[in-house]
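*Asks:* Be aware that the sequence shown starts at 374, since it is given in this note's numbering, and climbs by one per residue.
A virtual CB, placed ideally from N, CA and C, is assigned to each residue, including glycine.
Attaching a single structure in structure tokens format; questions to follow.
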Amino acid sequence: PDDVNIYIGGALAQQSEDFSDLYMIMLVSIGLVFLIMIITFKTFRAPIAIMCSLPLAAIGAVLGLVISRIAVEPTALLGA
374 PDDVNIYIGG
384 ALAQQSEDFS
394 DLYMIMLVSI
404 GLVFLIMIIT
414 FKTFRAPIAI
424 MCSLPLAAIG
434 AVLGLVISRI
444 AVEPTALLGA
């Protein structure tokens, strides 16, 4: 019929767009948190030590999602 449209991409295209937006927001928020920690601690050593633990926390969060069999989606990553 003429009133039926087919869109190629669907959920996969939306998910890839969501992930790119999420990565940008995460980078900006990490930078702002780093600046706030520098102002609070008045030194670079403590904020750098804390920021070095972020990759380990991210690995643990994704591992927790995999173990609990939750799909790794943008909303799940926000909660993790």
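Check for me: the alpha helix (DSSP H) holding D394 runs from which residue to which?
*Replies:* Looking up residue 394 in the sequence shown gives position 21. Unbroken alpha helix (DSSP H) run through D394: 383 to 414.
*Asks:* Tell me the DSSP secondary structure of I443 in three-state form.
*Replies:* Residue mapping note: residue 443 aligns to position 70 of the sequence shown, counting from 1. In the structure shown, I443 adopts coil according to DSSP, grouped into three states.
*Asks:* Where do the ends of the alpha helix (DSSP H) carrying I379 lie?
*Replies:* By one-based count along the sequence shown, residue 379 stands at place 6. Here I379 belongs to no alpha helix (DSSP H), and DSSP marks it neither H nor E.
*Asks:* Could you tell me whether the Cβ atoms of P447 and L395 are closer together than 8 Å?
*Replies:* The residue given as residue 447 occupies position 74 in the sequence shown. The residue given as residue 395 occupies position 22 in the sequence shown. A contact, by the Cβ cut-off of 8 Å.
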